[in-house]
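Residue numbers (the UniProt record's numbering), protein chains in the order written: chain A, 1 to 217; chain B, 1 to 217.
Beta carbons: idealized from backbone N, C-alpha and C, even for Gly.
Below is one structure, written out as structure tokens; comments come after it.
What follows is the structure in structure tokens.
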């Protein structure tokens, strides 16, 4: 069964899902959604995702949205196929879930602000909100200081094993480091940098990047 | 093994965890944290939760934070004890996870703004930000319109079974309806109101409310 993934290949949330599918060796087909022209608000798309966000997947009878819910589904469905992304037992999974929530609630928002402001606003002809950029950088810096401490004690966020908690950080951190000129936020933190070098060199993530950005960057 | 729950009994995130523990019949002991005086930023607390948020649980050797990660852990650990909160199979769990993510990303933030502005600001002697209140209400209204449509098709968010997706909404919706004067947002939507009447009358939730609010409201 080929999984249909609706979303632009450059969206951070879509890339998060693709990284997981590739880690698990699940075949997929991308159904591009043009979020610049507003296709995510079209009646057809809203039938799949009533909030108008990307991505959505269709897998046989299952239609599923919210990228981290999709990650969990495939990580559990194919637990023994490809990289193990949820740990080996309930307690390890609990710690994976903890850091996946931290990514979703503490890391994602300031990253989103920085990437949208610095990368998208100029392309859309919108002014930069320098105060928002400054506040987001300060907030993200505090989160990264905690990551630095955590990653001085374990190789990955949830322990000494790669998991969804790490994978979920790839998309926005990639834009932050490689496109938004904020690489120093990662590189100036020794353990965060070693972690980033490790996770961003995984073959599955490199395959996501090979899918390109629809010419956007 | 008695689970230690660090947090004030009135915090929405702490109550979310307590509702789950009570549904599952898990014994717990509350270790109050005074977030008004800033105890969540004390060195001892930061050792348990480096971001300075409540709650944290300790269960034998396991220390775990992020309320929704704690929910998942206990719902899975005690899957066959008390109410089944993650569905009966992987596909049902996927839909539970989808709506739990919707709660965390779309519902929680405007609710948080309304509750903090309307309930906490006057108690802390802070001015109300009427623009923020108005924007949060508009945003939450749009989310509730989608819930209304969803709940016209299934009794609960993830299907015809109560789950973590519903449970996770209890804390903030309770403050919204019973303390912040925003009950019309729920009551004016027929299916949302029926859902609220159902979930807020569960014995486990009533037991959470019986723990009181430390005299805060």
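Beta-carbon spacing of residue i, residue j below 9 angstroms
i: residue 144 of chain B; j: residue 96 of chain B; result: no
i: residue 59 of chain B; j: residue 1 of chain B; result: yes
i: residue 129 of chain B; j: residue 156 of chain B; result: no
i: residue 164 of chain A; j: residue 86 of chain A; result: yes
i: residue 104 of chain A; j: residue 25 of chain A; result: no
i: residue 151 of chain A; j: residue 195 of chain A; result: yes
Rounded straight-line distance, which links the Cα of residue j to that of residue i
i: residue 146 of chain B; j: residue 190 of chain A; result: 45 angstroms
i: residue 21 of chain A; j: residue 13 of chain B; result: 32 angstroms
i: residue 126 of chain B; j: residue 107 of chain B; result: 24 angstroms
i: residue 49 of chain B; j: residue 42 of chain A; result: 42 angstroms
i: residue 111 of chain B; j: residue 73 of chain A; result: 28 angstroms
i: residue 9 of chain B; j: residue 92 of chain A; result: 27 angstroms
i: residue 167 of chain A; j: residue 201 of chain A; result: 11 angstroms
i: residue 183 of chain A; j: residue 174 of chain A; result: 9 angstroms
i: residue 203 of chain A; j: residue 3 of chain B; result: 41 angstroms
i: residue 67 of chain A; j: residue 217 of chain B; result: 37 angstroms
i: residue 148 of chain B; j: residue 76 of chain B; result: 29 angstroms
i: residue 118 of chain A; j: residue 38 of chain A; result: 20 angstroms
i: residue 71 of chain A; j: residue 94 of chain B; result: 9 angstroms
i: residue 51 of chain A; j: residue 23 of chain B; result: 30 angstroms
i: residue 114 of chain A; j: residue 134 of chain A; result: 9 angstroms
i: residue 62 of chain A; j: residue 159 of chain B; result: 13 angstroms
i: residue 57 of chain B; j: residue 5 of chain B; result: 5 angstroms
i: residue 188 of chain B; j: residue 47 of chain A; result: 24 angstroms
i: residue 29 of chain B; j: residue 69 of chain B; result: 19 angstroms
i: residue 178 of chain B; j: residue 7 of chain A; result: 40 angstroms
i: residue 79 of chain A; j: residue 80 of chain B; result: 22 angstroms
i: residue 212 of chain B; j: residue 140 of chain A; result: 35 angstroms
Proximity to residue i [Cα-Cα], best of the options
i: residue 121 of chain B; options: B/180, B/153, B/34; result: B/180
i: residue 34 of chain B; options: B/23, B/27, B/16, B/53; result: B/53
i: residue 162 of chain A; options: A/105, A/99, A/208; result: A/99
i: residue 176 of chain A; options: A/164, A/83, A/116, A/210; result: A/116
i: residue 215 of chain B; options: B/36, B/75, B/132, B/61; result: B/36
i: residue 101 of chain A; options: B/11, B/65, B/148; result: B/65
i: residue 132 of chain B; options: B/154, B/153, B/142, B/109; result: B/109
i: residue 18 of chain B; options: B/171, B/135, B/139; result: B/171
i: residue 206 of chain A; options: A/15, A/84, A/88; result: A/15
i: residue 137 of chain A; options: A/27, A/209, A/186; result: A/186
For residue i: DSSP bridge partner residues
i: residue 63 of chain A; result: A/58
i: residue 6 of chain B; result: B/31, B/56
i: residue 159 of chain B; result: B/156
Enclosing alpha helix (DSSP H) for residue i [first to last residue]
i: residue 172 of chain B; result: 170-178
i: residue 191 of chain B; result: 190-200
i: residue 130 of chain A; result: 130-151
i: residue 12 of chain B; result: 12-23
i: residue 48 of chain B; result: 43-48
heavy atom of the ligand NAP below 8 angstroms from residue i C-beta
i: residue 112 of chain A; result: With respect to small molecules bound, the structure shown includes none, and the ligand NAP cannot be examined in it.
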